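Here my numbering is used: the sequence shown runs in plain steps of one and ends on residue 292.
Note that CB positions come from ideal geometry on N, CA and C, so glycine has one too.
All of these numbers come straight from a predicted model, not from anything done at the bench.
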Amino acid sequence: MEETVPSRNAQVLVFDVNETLSDMSPLRTRFEEIGAPPHLLRPWFAGVLRDGFALTAAGAYADFSAVAQDGIRALLPRVPGWSGDVEQAARHVLAGFTELEVHPDVPDGVRTLHEAGFRLVTMTNGRAALTERLLSRAGLLHCFEAQLDVSGPQCWKPARAAYQYAVEHTGVRPDQAVLVAVHPWDIDGAQRAGLGGAWLRRGASAYPEAMLSPTYTAEDLRDLAAALTQGAAR
Numbered sequence: 059m060e061e062t063v064p065s066r067n068a069q070v071l072v073f074d075v076n077e078t079l080s081d082m083s084p085l086r087t088r089f090e091e092i093g094a095p096p097h098l099l100r101p102w103f104a105g106v107l108r109d110g111f112a113l114t115a116a117g118a119y120a121d122f123s124a125v126a127q128d129g130i131r132a133l134l135p136r137v138p139g140w141s142g143d144v145e146q147a148a149r150h151v152l153a154g155f156t157e158l159e160v161h162p163d164v165p166d167g168v169r170t171l172h173e174a175g176f177r178l179v180t181m182t183n184g185r186a187a188l189t190e191r192l193l194s195r196a197g198l199l200h201c202f203e204a205q206l207d208v209s210g211p212q213c214w215k216p217a218r219a220a221y222q223y224a225v226e227h228t229g230v231r232p233d234q235a236v237l238v239a240v241h242p243w244d245i246d247g248a249q250r251a252g253l254g255g256a257w258l259r260r261g262a263s264a265y266p267e268a269m270l271s272p273t274y275t276a277e278d279l280r281d282l283a284a285a286l287t288q289g290a291a292r
């Protein structure tokens with residue numbers, strides 16, 4: 059694991075959820091089941107994030123489900139030869155979030171961090187109820203003290219207020235918390251809000267130079283947990 063200017067007094071780890079904890083690849087099957095190419099998962103999810111970010115930048119807010127359904131409504135009619143009930147298709151894809159599993163490295167990493175005494179919370183642009191379901195299915199819910207989402211601050215990450223909301227909930231200073239995520243934009247946003255940032259590569263080749271460098275860089279959550287519990291964060 060690589061580290062730069064580490065947060066040695068880190069007490070709280072704030073986890074992103076979608077793609078960081080959850081493996082979203084099974085949603086490709088959901089697209090196939092509605093008669094759409096499975097590769098649409100990636101541009102659809104990227105569009106959901108784009109539109110959520112845009113609303114936040116404009117001082118507005120809509121929840122993940124509303125933005126995600128709008129994205130499917132816009133995407134499917136442009137698929138050559140596609141026909142069907144767009145509303146039913148959107149519901150079918152979104153229902154897939156209730157069946158997602160965590161990445162294989164997550165259980166060991168989470169348990170290691172929990173047993174080492176780190177306080178763990180989640181903060182998602184999605185719904186906290188889905189996070190609770192995900193963690194329950196993985197047998198990890200007891201390791202987390204809270205599941206938070208952006209319905210509280212009414213703004214999507216990477217807005218500063220979203221991270222402040224998570225930190226205020228835990229009662230620690232920003233410099234006592236580290237955001238764990240696979241998304242560089244999330245790491246950058248957290249660090250600009252005063253938190254540390256732990257970037258999980260998960261096979262990614264490079265971190266964007268235009269963004270603040272992560273405090274920690276690890277291949278996956280097992281790698282991060284092993285390093286942090288050896289004293290790198292304390």
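Thr189 sits close to Val75, with the two beta carbons spaced by under 7 angstroms. Here the C-alpha atom of Arg149 lies approximately 10 angstroms from the C-alpha atom of Arg88. In the DSSP assignment, the residues bridged to Gly254 are Val236. Under the 10 Å beta carbon count, Gln146 is surrounded by fewer than 16 other beta carbons and is classified as exposed. Counted as a single uninterrupted DSSP element, the alpha helix (DSSP H) harbouring Val144 occupies residues 144–153.
Buried is the label assigned to Pro242, since at least 16 other Cβ atoms lie within 10 Å of its Cβ.
Taken through DSSP and simplified to helix, strand or coil, Gln212 comes out as coil. Taking the Cα of Ala115 as reference, the smallest distance to any Cα among Lys215, Ala284, Val230 is reached at Lys215. In this structure, Leu237 sits away from Leu258, with a CB-CB distance that is not shorter than 7 angstroms.
Measuring C-alpha to C-alpha distances from Leu198 to each of Val164, His227, Ala217, Gly93 identifies Val164 as the nearest. By the CB criterion at 7 angstroms, Leu79 and Val160 fall inside the cutoff. Remark: three or more beta-carbon pairs, one from each stretch, lie closer than 8 angstroms, so the segment 272–282 and the segment 166–173 are flagged as touching. The residue from Gly175, Leu107, Ser83, Asp233 with its alpha-carbon nearest to that of Leu286 is Gly175.
Burial is judged here by how many other beta carbons sit within 10 angstroms of a residue's own beta carbon; Ala124 has fewer than 16 and is exposed.
Its chain contains Trp102, Gly105, Val106 as the residues whose beta carbon lies nearer than 6 angstroms to that of Gly129, once the 5 sequence neighbours on both sides are disregarded; these appear in chain order. Closest by C-alpha distance to Gly210, out of Asn67, Leu192, Thr182, is Thr182. Arg177 carries a strand assignment under DSSP once its states are collapsed to helix, strand and coil.
Inter-residue distance for Ala256 and Asp207 is about 19 angstroms (C-alpha atoms, whole angstroms). Apart from sequence neighbours up to five positions away, the residues of its chain that approach Ala126 with a beta-carbon distance below 7 angstroms are Val106, Leu152, ordered along the chain. Residue Gln212 holds the alpha-carbon nearest to the alpha-carbon of Gly110 among Gln212, Gly139, Ala239, Ala196.
Membership of Ala276 in any alpha helix (DSSP H) is not indicated; the residue belongs instead to the beta strand (DSSP E) covering 274–276. Distances from the CA of Arg250 to each of Leu133, Tyr265, Val240, Ser271 were compared; the closest alpha carbon is that of Ser271. The three-state secondary structure of Phe73, taken from DSSP, is strand. According to the DSSP assignment, Leu192 belongs to the alpha helix (DSSP H) that extends over 186–195.
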